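Trainee: My questions all concern the structure below.
There are 2 protein chains.
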Amino acid sequence: MTIYDIAKQAGVSASTVSRVINRKPGISEATRRKVQKLLEENNYTPDVTARGLVMQSSWTVGILIEDIRVSLHTDSVYIIEQELMEHGYTCITLSTGRSLEKKLDFIRLLEQRRVEGVIMIGSMFGEEENTDGRFRREVASHLGTTPIVLVNGELKLPNVWCIISDEERGTEESVAYLIRKQRKRISYLTDVDTPSNHLKRRGYFSGCMKYAPDMPTQLYQAPGSDTNPTDSVARGREAAKEMCRLFPDTDAILCSTDMMAIGCMQGLKDIGKNIPGDIAVMGVDNALFGQLLQPTLTTLDNKMSECSRNAARMLLDALDGREPSRKIIIPTEIIERDSA
Amino acid sequence: MTIYDIAKQAGVSASTVSRVINRKPGISEATRRKVQKLLEENNYTPDVTARGLVMQSSWTVGILIEDIRVSLHTDSVYIIEQELMEHGYTCITLSTGRSLEKKLDFIRLLEQRRVEGVIMIGSMFGEEENTDGRFRREVASHLGTTPIVLVNGELKLPNVWCIISDEERGTEESVAYLIRKQRKRISYLTDVDTPSNHLKRRGYFSGCMKYAPDMPTQLYQAPGSDTNPTDSVARGREAAKEMCRLFPDTDAILCSTDMMAIGCMQGLKDIGKNIPGDIAVMGVDNALFGQLLQPTLTTLDNKMSECSRNAARMLLDALDGREPSRKIIIPTEIIERDSA
DNA sequence: CTGTTAGCGCATTCAC
DNA sequence: GTGAATGCGCTAACAG
């Protein structure tokens, strides 16, 4: 069913039909009604794809994310999709996994689909000093003129806007918090090598330096590379035991994510440790489930929901030519609960 | 950058460029190489939207779901997207919420985008006897020729395939399980009115009838309508207290979802009940977090991951004209843990 | 007020 | 082997 079919039935031209569909002025009430009736009777729906071709606008935006199963990301995607949909955009959400190749594939996929904007969630989409810049170059050459908003990462490109959660500072303050809570041997548990994890780790070190210069720093990086919840928890569980061996005097474990922290708590329970009596545990993310455990999990809220909402709005602003700020930083907040 | 731009640079016609892009035979090795080189140099990417217009195929499928934040659904979407993407399809995933209007809006949106197939996850997309059939009619008129796979629901339409988890039977067996565990007063906690919840509730009643005909049935339906995790847990928590008032002799609460069960456990703890000593708790879904609580949550695994994987394959089969089975039922499985 | 024409980017006849 | 012409479904500029 095309506008031509409708036009024929109505005895008018296709452009007339197009006009009534798009509510353009300059049409007699009589023909408007006649056409309208036919449209409804035939259950006509315009092909937005064809429309996009001539209008040079797809009303589509892409969302890139490492793994939709990570609840933090799920919430972000939900918020962003709702916000963009309200403004008429349809989202294509892609879980890239951790490989660079896959990320590049999806960048090309979005280009092929002629998306009008892109939101990338996660620090792995940013550039660090130690990268060869391949990702940045590919983004530049494939999406060089598409507005892009990066959540929790930075990419120095003229079409990229950034919004980041101040996790480094937050981790620093988490150390201060634990020290205020009388902890004497704070160790740090991290896993996958991501820029975000590097920042948090740096925050741990500088926090120790600032607030407890005499305390030895104790870092443990758990092996493994997948970041889905199941793996993260399992990894934290193993790591907790390993850390108790490596750092027998530790009385607080600061974890790079809540999932790791949850696993960590499991592991500590496995070996009979009391939380927070023997060891305090603290995570990052403010995941829902931290509230449901016994004891409830103290965590650093990195405000990802707020970041996501802002990201969507920044993209909408950029799409409407309103020039949002190039870079926004959102402060974090410590959520005090029972585990620390 | 279009094929015409490339054609001009190469001194050939657009059709020649099109041929090398699509690896069609009948082109001299020389021009093929020349064009190929230009394509790469210019970072050319075909517009799949325009291609779709002429080929009459969008290589897009839609996924409809009530709320992506429900972890059960998140996993389903992840699995389906991966599977379809491997076969060249791009997914548009839409969280419809609970309103019928929104569902219909999104049905139309998918029609506008000319998706080639649709997967709907959740019983709310099916039809029950007590519905006025509006949803079915709208699906028929807007997506009447589009292959659709329904997960956990049924829609009697020639272009719809169904895959359902046998939750009714599973709930029945859950009752039997609790009785084997010496429970004497099994009550049932449910919430939102969905077909799936109706089936489970029916399973509860028939289970009681079958395995403990003398036991009085005790049903409580918690008020509220949103199914996101936060709300579900909160609702379960309140409900647990209410149920202890209403049914003071209950020694087992069977919950319609794991999130409700998790909330339920919180609520029971709030009022000093011991689990499973005083009261056993059991859920449905086999959510990851059931394993992480203390005590771990006994649950009915409704095999949603398996259902999802099958749904994707059924759609692919239908898309390729391979005629999959019209309806498939997947049996559930009780996962024994500590709460019951 | 309405119809004709052209073109969005691409693939596919059908000639040559 | 390759190019010119045509059309996918739609909107827009220009006539009338």
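Residue numbers (the numbering used here), protein chains in the order written: chain A, 1 to 340; chain B, 1001 to 1340.
Glycine residues also receive a C-beta, built at the ideal position from the N, C-alpha and C atoms.
Bear in mind that the values here come from a model prediction, so they are computed numbers and not experimental data.
Cα-Cα, which of B:N1152, B:V1035 and B:I1027 is closest to B:K1200?
Mentor: Taking the second sequence and counting its residues from 1, one reaches residue 1200 of chain B at position 200. Among B:N1152, B:V1035 and B:I1027, the Cα nearest to that of B:K1200 is on B:N1152.
Trainee: What number of angstroms, rounded off, separates the C-alpha of B:Q1266 from the C-alpha of B:R1169?
Mentor: Position 266 of the second sequence, counting from 1, holds the residue named residue 1266 of chain B. Position 169 of the second sequence, counting from 1, holds the residue named residue 1169 of chain B. Cα to Cα, the separation comes out at about 28 angstroms.
Trainee: Buried or exposed: which applies to B:P1216, given that a residue is buried once 16 or more other Cβ atoms fall within 10 Å of its Cβ?
Mentor: In the second sequence, counting from the first residue as 1, residue 1216 of chain B sits at position 216. Counting Cβ neighbours within 10 Å, B:P1216 comes out exposed, since fewer than 16 surround it.
Trainee: Can you find a CB in chain B that lies within less than 8 angstroms of the CB of A:Q266?
Mentor: The sequence position of residue 266 of chain A within the first sequence is 266, counting from 1. It does; some Cβ of chain B falls within 8 angstroms.
Trainee: Considering only DSSP beta bridges, list what B:Q1218 is partnered with.
Mentor: Mapped onto the second sequence, residue 1218 of chain B falls at position 218. Answer is B:S1187, bridged to B:Q1218.
Trainee: Go through its chain and collect everything with a Cβ distance to A:S206's Cβ below 7 angstroms, but skip five positions before and after it.
Mentor: Here residue 206 of chain A corresponds to residue number 206 of the first sequence, with the count starting at 1. For A:S206, where only same-chain residues beyond five positions count, the Cβ hits under 7 angstroms are E172.
Trainee: If we define contact as Cβ-Cβ less than 8 angstroms, is B:S1095 a contact residue for chain A?
Mentor: Here residue 1095 of chain B corresponds to residue number 95 of the second sequence, with the count starting at 1. So, interface residue.
Trainee: Buried or exposed: where does A:K184 fall if 16 or more other Cβ atoms within 10 Å of its Cβ makes it buried?
Mentor: Stepping through the first sequence from its first residue, residue 184 of chain A is reached at position 184. Looking at its Cβ environment, which holds fewer than 16 other Cβ atoms inside 10 Å, A:K184 is exposed.
Trainee: From the beta carbon of B:E1111, is the nearest beta carbon of chain A less than 8 angstroms away?
Mentor: Here residue 1111 of chain B refers to the residue found at position 111 of the second sequence. Closer than 8 angstroms to some Cβ of chain A, the Cβ of B:E1111 qualifies, so yes.
Trainee: With a cut-off of 8 angstroms, does the C-beta of A:D132 fall near any C-beta of chain B?
Mentor: In the first sequence, residue 132 of chain A corresponds to position 132, counting from 1. So, not an interface residue.
Trainee: Report the residue from A:M120, A:M243, A:L292 and A:L143 whose alpha carbon sits nearest the alpha carbon of A:L268.
Mentor: Walking along the first sequence from the start, residue 268 of chain A turns up at place 268. Checking every option, the nearest Cα to that of A:L268 belongs to A:M243.
Trainee: Please look up how many angstroms separate the CB atoms of B:I1006 and B:L1039, rounded, as I've assumed it's under 8 angstroms.
Mentor: Here residue 1006 of chain B refers to the residue found at position 6 of the second sequence. Here residue 1039 of chain B refers to the residue found at position 39 of the second sequence. So it is a contact: roughly 6 angstroms between Cβ atoms.
Trainee: Quick check on A:E81: buried or exposed, where buried means 16 or more other Cβ atoms within 10 Å of its Cβ?
Mentor: Taking the first sequence and counting its residues from 1, the one referred to as residue 81 of chain A is at position 81. That one is buried.
Trainee: Let me check one thing: in DSSP terms, what residues is B:I1148 bridge-paired to?
Mentor: Along the second sequence, one-based indexing puts residue 1148 of chain B at 148. B:V1118 and B:V1160.
Trainee: In angstroms with no decimal places, state the Cα-to-Cα distance between B:T1257 and A:I79.
Mentor: Taking the first residue of the second sequence as position 1, residue 1257 of chain B is located at position 257. Taking the first residue of the first sequence as position 1, residue 79 of chain A is located at position 79. Answer to the nearest angstrom: the Cα atoms are 24 angstroms apart.
Trainee: For B:G1026, collect the residues of the same chain with a Cβ closer than 6 angstroms to its Cβ; drop the 5 residues on either side in sequence, then sort them by chain order.
Mentor: By one-based count along the second sequence, residue 1026 of chain B stands at place 26. Here the set comprises nothing.
Trainee: Grab the span of the alpha helix (DSSP H) containing B:V1048 for me, first residue to last.
Mentor: Position 48 of the second sequence, counted from the first residue, corresponds to residue 1048 of chain B. Counting along the chain, the alpha helix (DSSP H) containing B:V1048 begins and ends at V1048 to M1055.
Trainee: In chain order, what residues of the same chain have a beta carbon less than 7 angstroms from the beta carbon of B:S1057, not counting five sequence neighbours either side?
Mentor: Counting from one through the second sequence, the residue named residue 1057 of chain B turns up at place 57. Correct list, in chain order: E1116.
Trainee: Quick check on the burial criterion: 16 or more other C-beta atoms within 10 angstroms. Buried or exposed for B:D1191?
Mentor: One-based indexing of the second sequence puts residue 1191 of chain B at position 191. Buried, because 16 or more other Cβ atoms sit within 10 Å of the Cβ of B:D1191.
Trainee: Suppose the cutoff is 7 angstroms on Cβ atoms and the five residues either side in sequence are ignored; what does the same chain contact list for B:I1335 look like?
Mentor: Locating residue 1335 of chain B in the second sequence gives position 335, where the first residue counts as 1. Only N1286, T1298, T1299 and D1301 meet the Cβ criterion.
Trainee: Pick out whichever of A:E167, A:D166 and A:Q112 has its Cα sitting closest to the Cα of A:S141.
Mentor: By one-based count along the first sequence, residue 141 of chain A stands at place 141. Checked all of A:E167, A:D166 and A:Q112; the closest Cα to A:S141 is A:Q112.
Trainee: Buried or exposed for B:G1203, going by 16 or more other Cβ atoms inside 10 Å?
Mentor: Mapped onto the second sequence, residue 1203 of chain B falls at position 203. It is buried - the Cβ of B:G1203 has at least 16 other Cβ atoms within 10 Å.
Trainee: Could you work out which residues of chain B lie near A:G126, taking near to mean beta carbons separated by less than 9 angstroms?
Mentor: Taking the first residue of the first sequence as 1, we reach residue 126 of chain A at position 126. Result: empty, since nearest Cβ-Cβ is about 22 angstroms, beyond 9 angstroms.
Trainee: Report yes if the C-beta distance between B:I1186 and B:L1254 is below 8 angstroms; otherwise report no.
Mentor: Position 186 of the second sequence holds residue 1186 of chain B. Position 254 of the second sequence holds residue 1254 of chain B. Yes, the pair counts as a contact, with Cβ atoms nearer than the cut-off.
Trainee: What did DSSP end up calling A:T31 once you bin it into helix, strand or coil?
Mentor: Sequence index remark: in the first sequence, residue 31 of chain A carries index 31 (1-based). Of the three classes helix, strand and coil, the one that applies to A:T31 here is helix, per DSSP.
Trainee: Give the range of the alpha helix (DSSP H) segment to which B:V1077 is assigned.
Mentor: Counting from 1 along the second sequence, the entry for residue 1077 of chain B is found at position 77. Run containing B:V1077: S1071 to E1086, per the alpha helix (DSSP H) assignment.
Trainee: Which first and last residues belong to the alpha helix (DSSP H) in which B:G1026 is found?
Mentor: If you number the second sequence from 1, residue 1026 of chain B lands on position 26. Careful: B:G1026 lies outside any alpha helix (DSSP H) and carries neither H nor E.
Trainee: Is it buried or exposed for B:T1002, if we count other Cβ within 10 angstroms and need 16 for buried?
Mentor: Position 2 of the second sequence holds residue 1002 of chain B. Looking at its Cβ environment, which holds fewer than 16 other Cβ atoms inside 10 Å, B:T1002 is exposed.
Trainee: With a cut-off of 8 angstroms, do at least 3 Cβ pairs link the segment 1273-1285 of chain B to the segment 1310-1321 of chain B?
Mentor: No, they do not touch.
Trainee: Do B:E1154 and B:S1196 count as a contact pair if the criterion is CB distance below 8 angstroms?
Mentor: Residue numbering aside, residue 1196 of chain B sits at position 196 when the second sequence is read from its first letter. Residue numbering aside, residue 1154 of chain B sits at position 154 when the second sequence is read from its first letter. Cβ distance not < 8 angstroms, so B:S1196 and B:E1154 don't count as in contact.
Trainee: With 16 as the cutoff for other CB atoms within 10 Å, does B:G1263 come out buried or exposed?
Mentor: Along the second sequence, read from residue 1 onward, the residue named residue 1263 of chain B stands at position 263. Per the 10 Å Cβ criterion, buried.
Trainee: Could you check whether the segment 122-141 of chain A touches the segment 85-95 of chain A, counting it as contact only if at least three pairs of C-beta atoms, one from each stretch, sit closer than 8 angstroms?
Mentor: No: the two stretches stay apart, fewer than three of their Cβ pairs being nearer than 8 angstroms.
Trainee: In this structure, does DSSP put B:T1090 in helix, strand or coil?
Mentor: In the second sequence, residue 1090 of chain B corresponds to position 90, counting from 1. It is a strand residue.
Trainee: Determine, using beta carbons only, whether B:I1260 and B:L1189 come nearer to each other than 8 angstroms.
Mentor: The residue labelled residue 1260 of chain B in the question sits at position 260 within the second sequence. The residue labelled residue 1189 of chain B in the question sits at position 189 within the second sequence. According to the sequence provided, residue 1260 of chain B is Met. The question's Ile does not apply to it. Against a cut-off of 8 angstroms, the Cβ pair of B:L1189 and B:M1260 comes out as a contact.
Trainee: Report the neighbours of A:P46 on chain B: residues whose CB is nearer than 8 angstroms to its CB, in chain order.
Mentor: Translated into the one-based positions of the first sequence, residue 46 of chain A becomes position 46. Going along chain B in sequence order, the residues near A:P46 (Cβ under 8 angstroms) are Q1112.
Trainee: Would you kindly work out how many angstroms separate the C-alpha atoms of B:S1232 and B:R1069, rounded to a whole number?
Mentor: Mapped onto the second sequence, residue 1232 of chain B falls at position 232. Mapped onto the second sequence, residue 1069 of chain B falls at position 69. Cα to Cα, the separation comes out at about 12 angstroms.
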